[in-house]
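Numbering (the working numbering), first residue to last: 450 to 589.
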(Lines of atoms letter the chains of each structure in order from A and count residues from 1; the text may use other names and numbers.)
(Lines give C-alpha, C1' and ligand atoms only; values in the text may rest on other atoms or scores of the structure.)
Protein backbone atom coordinates (compact mmCIF):
# COMPACT_ATOMS: atom_id res chain seq x y z
CA UNK A 1 0.00 0.00 0.00
CA UNK A 2 1.36 3.41 -0.96
CA UNK A 3 1.24 6.66 0.94
CA UNK A 4 -1.28 9.27 -0.14
CA UNK A 5 -1.58 12.93 0.78
CA UNK A 6 -4.75 15.00 0.47
CA UNK A 7 -4.78 18.73 1.09
CA UNK A 8 -8.09 20.57 1.10
CA UNK A 9 -9.57 23.88 2.13
CA UNK A 10 -13.04 24.53 3.50
CA UNK A 11 -15.13 26.98 5.46
CA UNK A 12 -16.81 26.20 8.75
CA UNK A 13 -20.61 26.19 8.68
CA UNK A 14 -20.61 27.00 12.39
CA UNK A 15 -17.77 28.86 14.01
CA UNK A 16 -16.27 26.80 16.82
CA UNK A 17 -14.81 28.37 19.92
CA UNK A 18 -11.33 27.31 21.05
CA UNK A 19 -12.53 24.45 23.26
CA UNK A 20 -14.92 23.08 20.63
CA UNK A 21 -12.17 23.18 18.01
CA UNK A 22 -9.78 21.34 20.32
CA UNK A 23 -12.42 18.69 21.05
CA UNK A 24 -13.01 18.18 17.32
CA UNK A 25 -9.26 17.86 16.71
CA UNK A 26 -8.85 15.43 19.63
CA UNK A 27 -11.55 13.16 18.19
CA UNK A 28 -9.94 13.36 14.73
CA UNK A 29 -6.55 12.64 16.26
CA UNK A 30 -7.83 9.45 17.91
CA UNK A 31 -9.39 8.26 14.66
CA UNK A 32 -6.32 9.14 12.63
CA UNK A 33 -4.01 7.42 15.12
CA UNK A 34 -6.07 4.22 14.88
CA UNK A 35 -5.72 4.33 11.06
CA UNK A 36 -2.05 5.45 11.04
CA UNK A 37 -3.05 8.71 9.36
CA UNK A 38 -1.05 11.84 10.11
CA UNK A 39 -1.52 15.49 9.24
CA UNK A 40 -2.44 18.92 10.44
CA UNK A 41 -5.30 21.38 10.50
CA UNK A 42 -4.80 25.11 10.10
CA UNK A 43 -7.79 27.07 11.37
CA UNK A 44 -8.06 30.79 10.71
CA UNK A 45 -11.42 32.29 11.64
CA UNK A 46 -13.89 30.24 9.59
CA UNK A 47 -11.38 28.95 7.00
CA UNK A 48 -9.60 25.60 7.28
CA UNK A 49 -6.72 24.03 5.46
CA UNK A 50 -6.06 20.40 6.28
CA UNK A 51 -3.35 17.93 5.30
CA UNK A 52 -4.09 14.21 5.59
CA UNK A 53 -1.44 11.58 4.85
CA UNK A 54 -1.21 7.84 5.23
CA UNK A 55 -2.22 4.67 3.41
CA UNK A 56 -4.36 5.46 0.39
CA UNK A 57 -7.36 3.50 1.71
CA UNK A 58 -7.36 5.07 5.19
CA UNK A 59 -6.86 8.61 3.91
CA UNK A 60 -9.64 8.23 1.32
CA UNK A 61 -12.07 6.84 3.92
CA UNK A 62 -11.41 9.78 6.25
CA UNK A 63 -11.68 12.30 3.41
CA UNK A 64 -14.98 10.78 2.27
CA UNK A 65 -16.30 11.31 5.80
CA UNK A 66 -15.08 14.92 5.77
CA UNK A 67 -16.90 15.54 2.48
CA UNK A 68 -20.13 14.40 4.16
CA UNK A 69 -19.52 16.35 7.39
CA UNK A 70 -22.00 19.21 7.69
CA UNK A 71 -19.50 21.25 9.75
CA UNK A 72 -17.67 21.99 6.46
CA UNK A 73 -18.87 23.94 3.47
CA UNK A 74 -17.23 25.04 0.25
CA UNK A 75 -14.72 22.16 0.35
CA UNK A 76 -12.01 22.37 -2.31
CA UNK A 77 -9.51 19.62 -2.87
CA UNK A 78 -6.15 21.28 -3.39
CA UNK A 79 -4.19 18.14 -4.16
CA UNK A 80 -4.39 14.37 -3.98
CA UNK A 81 -0.99 12.88 -4.60
CA UNK A 82 1.15 9.86 -3.82
CA UNK A 83 4.03 10.70 -1.50
CA UNK A 84 7.31 9.01 -0.60
CA UNK A 85 7.33 10.35 2.96
CA UNK A 86 4.98 12.21 5.25
CA UNK A 87 5.24 15.95 5.86
CA UNK A 88 3.80 15.59 9.39
CA UNK A 89 4.95 12.13 10.55
CA UNK A 90 4.75 12.87 14.29
CA UNK A 91 1.23 14.26 14.31
CA UNK A 92 -1.97 12.23 14.17
CA UNK A 93 -3.64 15.65 13.85
CA UNK A 94 -1.76 18.80 14.69
CA UNK A 95 -3.75 21.98 15.18
CA UNK A 96 -2.46 25.38 14.21
CA UNK A 97 -4.92 28.05 15.21
CA UNK A 98 -2.76 30.65 16.90
CA UNK A 99 0.20 31.37 14.68
CA UNK A 100 2.23 34.45 15.62
CA UNK A 101 1.98 35.55 12.00
CA UNK A 102 -1.29 34.37 10.42
CA UNK A 103 -0.73 32.56 7.15
CA UNK A 104 -2.47 34.23 4.24
CA UNK A 105 -4.52 31.60 2.42
CA UNK A 106 -6.57 34.09 0.40
CA UNK A 107 -4.87 33.28 -2.90
CA UNK A 108 -5.36 29.56 -2.24
CA UNK A 109 -9.01 29.92 -1.30
CA UNK A 110 -9.67 32.15 -4.31
CA UNK A 111 -8.08 29.83 -6.90
CA UNK A 112 -11.05 27.44 -6.68
CA UNK A 113 -10.76 24.76 -9.35
CA UNK A 114 -7.24 25.58 -10.48
CA UNK A 115 -5.75 22.70 -8.48
CA UNK A 116 -2.58 22.33 -10.53
CA UNK A 117 -1.97 26.06 -10.40
CA UNK A 118 -2.44 26.12 -6.65
CA UNK A 119 -0.12 23.19 -6.05
CA UNK A 120 2.56 24.53 -8.39
CA UNK A 121 2.32 28.01 -6.90
CA UNK A 122 5.71 28.85 -5.40
CA UNK A 123 4.06 29.80 -2.11
CA UNK A 124 3.01 26.22 -1.30
CA UNK A 125 6.42 25.02 -0.16
CA UNK A 126 6.63 28.19 1.90
CA UNK A 127 3.21 27.53 3.48
CA UNK A 128 4.11 23.91 4.32
CA UNK A 129 7.48 24.99 5.73
CA UNK A 130 5.72 27.59 7.88
CA UNK A 131 3.36 24.90 9.21
CA UNK A 132 6.30 22.60 10.00
CA UNK A 133 8.21 25.43 11.70
CA UNK A 134 5.19 26.34 13.83
CA UNK A 135 4.74 22.70 14.84
CA UNK A 136 8.43 22.30 15.69
CA UNK A 137 7.82 24.43 18.78
CA UNK A 138 4.89 22.29 19.95
CA UNK A 139 4.89 18.77 21.39
CA UNK A 140 3.05 16.07 19.40
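Heads up, the beta-carbon is just placed ideally off N, CA and C, and yes, glycines get one too.
As the structure is a computational prediction, the values presented were derived from the model and not from experiment.
- Checking the DSSP bridge columns, you'll see residue 497 partnered with 459 and 492.
- Taking the Cβ atoms as the reference, residue 467 lies roughly 19 angstroms from residue 540, outside the contact range of under 8 angstroms.
- When rounded, the separation of the alpha-carbon atoms in residue 491 and residue 544 is 6 angstroms.
- Exposure of residue 462 is indicated by the presence of fewer than 16 other C-beta atoms within 10 angstroms of its C-beta.
- No residue range can be given for residue 486, since it is assigned to no alpha helix (DSSP H) and is classified by DSSP as neither H nor E.
- The alpha-carbon separation between residue 507 and residue 486 amounts to approximately 7 angstroms.
- Here the alpha carbon of residue 542 sits roughly 8 angstroms from the alpha carbon of residue 475.
- Judged by DSSP in its simplified three-state form, residue 541 adopts coil rather than helix or strand.
- DSSP places residue 581 in the helix class (H, G or I) of the three-state scheme.
- Beyond the five residues adjoining it in sequence on each side, residue 516 comes within less than 7 angstroms, by CB distance, of 524 in the same chain, given in chain order.
- Rounded to whole angstroms, the gap between the alpha carbons of residue 521 and residue 538 is 25 angstroms.
- Under the three-state reduction of DSSP, residue 454 is assigned to strand.
- In terms of CA proximity to residue 509, 531 leads the group 497, 473, 479 and 531.
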